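Structure, as structure tokens:
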Amino acid sequence: MAVDPIHQFKIIDLFPVAKIGNTEIMFTNSAAYMLAAVLGVTIFLVGATAGRGLVPSRLQSAAEVVYEFVATTVRSTAGAEGMRFFPFVFTIFMFVLTLNMIGLIPYSFTVTSHIIITAALALTVFFTVLIYGLIRHGFHFFNLFVPKGVPIYILPLIVAIEILSFVSRPISHSVRLFANMLAGHITLQVFASFIILLGTGLGVLGWIGGVLPFAMIVILFALETLVAFLQAYVFAILTCIYLNDAIHPGH
Amino acid sequence: MSDGTRGTSDRNEPPDDEAALSARLQRLGTRLAQANRQSENGSGPRSTAGTSAIARGFRLSTELVAGVLVGAVIGWLLDRWLGISPWGLIVFLLLGFAAGVLNVMRAAGIVRERNLND
């Protein structure tokens, strides 16, 4: 078990929730961690804004830093109008960041290392862009696929390429987060199993040699913490960039 | 005498001061608006200096793969539905590759983002 790096991503059914047809809907460990993340974020933000002092408390200033961070990201990528999507982007950012960070705790489960979760988030963003763009701009929204100043004889080709580029967004959007988390956690597990293998294989000499992979784990863990934050940020900033297209499609 | 001059200056200067002040306020207002507009539109290059090189490399590679993948899936589905195998796959793989390259160039900031307004 110690040498099986995939074991940590196993979905475990905890208890059944509902039954649709012949399919049992189970409450899994993944759902439990998501619920924990939502509760954690809610408690943090409600607790931080409960006091609302002019001189902020420690918790309040932490919440303010997060708010400012996300607000600056939204304003700089989607403009002032993008701020109407601030709650959406903030929710996604906090959710992904919290899940990534919880995943770093040893023996815990990393929800974002499952592509179904990241794909669901990315598709939510994709359809939000599509539906909001169509409601807001109507048919005008499709000008997104028609760049200006292109000669008419290569326009069909360009439009086809633009549409494919647009459709491929949720894939790169979701795969990036999922693959980063998956690869990072597998790497950590593999290096950790080296220690066990060395120790059981070579005895005392092995345990001494195990210091090397252990040092590697410490370094990798720092890197993974950075990646966990960075990927949440990248996910949020890409959401903003895509929303920007819904708000201002080229004309 | 000093009282008299102050009296006249009091009478004369406040409008001047106010005019100067309002003019300065207006100038400040326009400059602030300009600065805000610049920062809000964010039409300048998006700074990617914060991201590490590995993240950047990973982002670019997924962009390319995603384009090719979407092209392949669409081509394959068209082949199945219309029975035109292998033309759908050939055409859409090429288009998908082009879309992937476009994605990469957009992500790398070589090509301008698509919003051409402002």
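Protein chains in written order, with the working numbering: chain A, 26 to 276; chain B, 149 to 266.
The beta carbon of each residue, even a glycine, is placed where N, CA and C say it ideally should be.
Only a predicted model underlies this, so the values are computations on that prediction, with no experimental measurement involved.
When S209/B, R172/B, L173/B and E166/B are compared, the shortest CA-CA separation from I196/A is found for S209/B.
Counting only residues of its own chain and dropping the five nearest sequence neighbours on each side, I233/A has no CB closer than 7 angstroms to any other CB. Using a Cβ-Cβ cut-off of 8 angstroms, T178/B does not count as an interface residue toward chain A, since no Cβ of chain A sits closer than that to its own. Note on the stretch 157–235 of chain A: there is no whole beta strand (DSSP E) run with a minimum of 3 residues. In this structure, I266/A and T143/A do not form a Cβ contact; the two beta carbons are roughly 17 angstroms apart against a cut-off of 8 angstroms.
A direct Cα-to-Cα measurement between G248/B and G72/A gives close to 45 angstroms. Here P30/A is near Q214/A, since their CB atoms are less than 8 angstroms apart. Per DSSP, reduced to three states, the secondary structure at D227/B is helical. For the pair V259/B and F118/A, the Cα-to-Cα distance works out to about 27 angstroms. From the beta-carbon of E211/B, the residues of chain A found nearer than 7 angstroms are S197. Rounded to whole angstroms, the separation of the alpha carbons of G231/A and T225/A is 7 angstroms. Here DSSP, grouped into helix, strand and coil, assigns D38/A to strand. At the C-beta level, A214/B and F240/B stay beyond 8 angstroms of one another.
No Cβ of chain A is located within less than 8 angstroms of the beta carbon of R228/B.
Looking from the CA of E187/A, the closest CA among H198/A, K35/A, I220/A and N168/A belongs to N168/A.
For the pair V66/A and Q174/B, the Cα-to-Cα distance works out to about 43 angstroms. Residue-level contact check: V200/A touches chain B, since one or more beta carbons of chain B fall below 8 angstroms from its beta carbon.
Taking a Cβ-Cβ cut-off of 8 angstroms, N125/A has no neighbours in chain B, whose nearest Cβ is about 13 angstroms from it.
Relative to H273/A, the option among A43/A, V184/A and G107/A whose CA is nearest is G107/A.
Sequence-distant Cβ neighbours of N251/B in its own chain, meaning closer than 6 angstroms and more than five residues away, are E211 and G215. Shown here for L84/A: same chain residues with a beta carbon closer than 7 angstroms to its own, the five before and five after excluded, namely G72 and A73 in chain order.
Shown here, I45/A sits in a strand according to DSSP, grouped into three states.
Boundaries of the alpha helix (DSSP H) harbouring A256/B: W235 to A256, taken from the DSSP string. Between G223/B and chain A, the shortest Cβ-Cβ separation is not below 8 angstroms. According to DSSP, I266/A shares a beta bridge with no other residue.
Cβ-Cβ separation between A43/A and N125/A: approximately 29 angstroms, too far for a contact (criterion under 8 angstroms).
Proximity of chain A to A246/B at the Cβ level (cut-off 7 angstroms) is accounted for by I186, in chain order.
Annotated three-state conformation of T74/A is helix, per DSSP.
In this chain, P274/A is not harboured by any alpha helix (DSSP H), its DSSP state being neither H nor E. Shown here, T135/A sits in coil according to DSSP, grouped into three states, outside any helix or strand. By the rule that beta-carbons nearer than 8 angstroms mark a contact, L241/B does not touch chain A. With fewer than 16 other Cβ atoms inside 10 Å of its own Cβ, V243/A counts as exposed.
By the Cβ neighbour-count rule, P234/B is exposed, with fewer than 16 other Cβ atoms within 10 Å of its own. For G215/B, the C-beta contacts it makes with chain A under 7 angstroms involve L189, S190 and S193, in order along the chain.
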